[in-house]
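Below: one structure, written as structure tokens.
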Amino acid sequence: MHAKQFLLIVLSLVAIACGAWLSYQLVAPSAKPGTATILPQPLALPEFVLVDQHGDAVRPDDFRGRWSLVFFGFTHCPDVCPLTLQVLADARRQLAAAGESPLPTIVLVSVDPERDTPEVIGNYVDYFDTDAIGVTGDLAEVQKLTSGLGVFFQRAARDDDNYAVDHSAVVLLIDPDARFRALFSAPHEAGNFVNDLPLILSGA
Amino acid sequence: MSRPVLAVLLLACLGACLSDRPPLLIDGLEITAPLPGNDMSAGYFELTNTTAAPLVITRVASPDFERVMMHETTIDDGIARMRMLEEITVPAGQTVRFSRGGKHLMLSGAGPTADLVTLQFYAGDALLLSISTRTGMED
């Protein structure tokens, strides 16, 4: 075989290999989380005592044994909160349909505990996902939780009872050791959770 | 009939047809059904100004809700804020969108007939548009 022919064959093989690699990168699912921000070191939840929709106490240890997607919002939010909860519910359904296990639990922590009683928040989260948990309680305890996680919320100035609450739009991932493991920044899409959660849960 | 005369007549007819168009058109109207635990709905749609001048929507009303407000959601530095809009300007010939995560109507105090909702868009005292839709469905 001439040297030129040999070189041509080698270059052809290299080109084919490069094309295959490029095609895989473009078509194959992301091999690592593409959207989630994973904390370098998981962060233990701060101490707090709140209640769920059944009136049962919720403490950091109650997050043990499961993965949780935690969102801070309020039921009188007409737009971003139902939008986010719908995205989380859709993502959970897609993960279930794909046979993923374990499935994360959706948790809504109210930043408006004055209006969000256990019954109110329970009916609200149940609309999106019957396995979801609504958490509310004393405002000071909510602040303990949010400040320990770097989550912001503040009641917007308004004199009547139609006030809004400004709040972080982030979704936090809590691991089965009750530690803050990762976060998803807004805007939220179901596909981001569907792609990233299996990778995070498998330790990728 | 000569061609120039015919052209003028056609243009006049076109102008007459255009002048009969409503000044404000609405598309994709969706009023969400109130969620359990509250009496609040959100409204999403696209408004198109068919006129040659800006239209300033100063008020949206509904006989089916105690209160209707125009709001806008913004997310800046990860913080979601909802602020009331006193008015919305729809530029001449253009479309303004009310969509999830952005501008939207907040309708509170749902009445017993809130499964069929009528919305009325005003510019000052002038009613520009009145339209009805069933909640939970997109037109």
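Residue numbers (the numbering used here), protein chains in the order written: chain A, 1 to 204; chain B, 1001 to 1139. Positions of the beta carbon are idealized from the N, C-alpha and C atoms, including for glycine. Being a predicted model, the structure only gives us computed values, none of them experimental.
By Cβ distance below 8 Å, which residues in the same chain neighbour residue i in space, the five residues on each side in sequence not counted?
{"i": "residue 1053 of chain B", "result": "1092"}
{"i": "residue 117 of chain A", "result": "136"}
{"i": "residue 1022 of chain B", "result": "1050, 1128 and 1129"}
{"i": "residue 1061 of chain B", "result": "1068, 1119, 1120 and 1122"}
{"i": "residue 105 of chain A", "result": "66, 67, 68, 69, 131, 132 and 133"}
Below 8 Å on the Cβ atoms is my contact criterion, and I expect residue i with residue j to pass it. Report the Cβ-Cβ distance as a whole number of Å.
{"i": "residue 1110 of chain B", "j": "residue 1036 of chain B", "result": "In fact, because the Cβ distance is near 12 Å, the residues do not count as touching under 8 Å."}
{"i": "residue 1044 of chain B", "j": "residue 1066 of chain B", "result": "Contact doesn't hold; Cβ gap of about 20 Å is too wide."}
{"i": "residue 182 of chain A", "j": "residue 38 of chain A", "result": "5 Å"}
{"i": "residue 1098 of chain B", "j": "residue 1107 of chain B", "result": "About 12 Å; that fails the 8 Å criterion."}
{"i": "residue 1073 of chain B", "j": "residue 80 of chain A", "result": "5 Å"}
{"i": "residue 84 of chain A", "j": "residue 142 of chain A", "result": "About 18 Å separates the two Cβ atoms, so there is no contact after all."}
{"i": "residue 173 of chain A", "j": "residue 67 of chain A", "result": "7 Å"}
{"i": "residue 108 of chain A", "j": "residue 120 of chain A", "result": "The Cβ separation is near 11 Å, so there is no contact."}
{"i": "residue 1057 of chain B", "j": "residue 1088 of chain B", "result": "4 Å"}
{"i": "residue 196 of chain A", "j": "residue 89 of chain A", "result": "Not quite, the Cβ-Cβ distance comes to about 17 Å (not below 8 Å), so this is no contact."}
{"i": "residue 64 of chain A", "j": "residue 177 of chain A", "result": "7 Å"}
{"i": "residue 205 of chain A", "j": "residue 145 of chain A", "result": "Nothing can be reported for residue 205 of chain A, as the shown portion of chain A is limited to 1 through 204."}
{"i": "residue 1078 of chain B", "j": "residue 186 of chain A", "result": "7 Å"}
{"i": "residue 76 of chain A", "j": "residue 1038 of chain B", "result": "6 Å"}
{"i": "residue 97 of chain A", "j": "residue 103 of chain A", "result": "Between residue 103 of chain A and residue 97 of chain A the Cβ distance is about 11 Å, and since that is not below 8 Å, they are no contact."}
Can you find a CB in chain A that lies within less than 9 Å of the CB of residue i?
{"i": "residue 1134 of chain B", "result": "no"}
{"i": "residue 1057 of chain B", "result": "no"}
{"i": "residue 1062 of chain B", "result": "no"}
{"i": "residue 1088 of chain B", "result": "no"}
{"i": "residue 1143 of chain B", "result": "Because chain B spans 1001 through 1139 in this model, residue 1143 of chain B falls outside it and cannot be assessed."}
{"i": "residue 1126 of chain B", "result": "no"}
{"i": "residue 1082 of chain B", "result": "yes"}
{"i": "residue 1078 of chain B", "result": "yes"}
{"i": "residue 943 of chain B", "result": "The structure shown does not extend to residue 943 of chain B, since chain B spans only 1001 to 1139, so no value can be given for it."}
Under a CB-based cut-off of 9 Å, is residue i close to chain B?
{"i": "residue 196 of chain A", "result": "no"}
{"i": "residue 76 of chain A", "result": "yes"}
{"i": "residue 110 of chain A", "result": "no"}
{"i": "residue 36 of chain A", "result": "no"}
{"i": "residue 39 of chain A", "result": "no"}
{"i": "residue 44 of chain A", "result": "no"}
{"i": "residue 69 of chain A", "result": "no"}
{"i": "residue 33 of chain A", "result": "no"}
{"i": "residue 29 of chain A", "result": "With a pLDDT of only 49 at residue 29 of chain A, under 50, the local geometry of the prediction cannot be trusted, and no value is derived from it."}
{"i": "residue 126 of chain A", "result": "yes"}
{"i": "residue 60 of chain A", "result": "no"}
{"i": "residue 83 of chain A", "result": "yes"}
{"i": "residue 166 of chain A", "result": "yes"}
{"i": "residue 56 of chain A", "result": "no"}
{"i": "residue 52 of chain A", "result": "no"}
Residues in the same chain with beta-carbon distance under 7 Å from residue i, minus the five sequence neighbours each way, listed in chain order, please.
{"i": "residue 130 of chain A", "result": "none"}
{"i": "residue 114 of chain A", "result": "none"}
{"i": "residue 43 of chain A", "result": "179 and 180"}
{"i": "residue 1135 of chain B", "result": "1031, 1032, 1033, 1041, 1114, 1115 and 1117"}
{"i": "residue 94 of chain A", "result": "190 and 194"}
{"i": "residue 1025 of chain B", "result": "1048 and 1050"}
Might you give, ordered along the chain, the residues of its own chain that have their beta carbon closer than 6 Å to the beta carbon of residue i, omitting 5 neighbours on each side?
{"i": "residue 193 of chain A", "result": "91"}
{"i": "residue 112 of chain A", "result": "74 and 165"}
{"i": "residue 151 of chain A", "result": "72 and 168"}
{"i": "residue 154 of chain A", "result": "166"}
{"i": "residue 1082 of chain B", "result": "1071 and 1073"}
{"i": "residue 1085 of chain B", "result": "1070 and 1072"}
{"i": "residue 1010 of chain B", "result": "At residue 1010 of chain B the pLDDT is 49, less than 50, meaning the model places this residue with poor confidence and gives no usable figure here."}
{"i": "residue 53 of chain A", "result": "118, 121, 122 and 134"}
Any beta-carbon of chain D closer than 9 Å to the one on residue i?
{"i": "residue 1021 of chain B", "result": "Absence of chain D from the displayed structure is noted, the protein chains being A and B."}
Any heavy atom of the ligand MG closer than 8 Å to the CB of residue i?
{"i": "residue 1125 of chain B", "result": "The model on display carries no ligand, and the ligand MG is accordingly not part of it."}
For the segment 131-152 of chain A, which residues have a beta carbon sitting closer than 9 Å to at least one beta carbon of chain B? 152
Contiguous beta strand (DSSP E) assignments of at least 3 residues, all confined to the segment 1068-1136 of chain B: 1079-1085, 1088-1090, 1095-1098, 1103-1110, 1116-1123 and 1126-1134
Can you list the beta strand (DSSP E) stretches of 3 or more residues lying completely in the segment 36-112 of chain A, in chain order? 37-44, 50-52, 68-73 and 105-110
Identify each residue in the segment 86-119 of chain A for which the Cβ-Cβ distance to at least one residue of chain B is less than 7 Å, and report them in chain order. none
Looking at chain B, which residues of the segment 168-200 of chain A have a Cβ within less than 7 Å of any of its Cβ atoms? 168, 169, 170, 185, 186 and 187
Where in the segment 114-155 of chain A do unbroken runs of the beta strand (DSSP E), each at least 3 residues long, occur, reported from the N-terminal end onward? 133-136 and 153-155
Listed in chain order, which residues of the segment 1098-1121 of chain B have Cβ atoms closer than 7 Å to some Cβ of chain A? 1100, 1101, 1104, 1106 and 1108
Anything in the segment 1029-1054 of chain B with a Cβ closer than 8 Å to a Cβ of chain A? List those residues in chain order, please. 1032, 1035, 1036, 1037, 1038, 1040, 1041 and 1042
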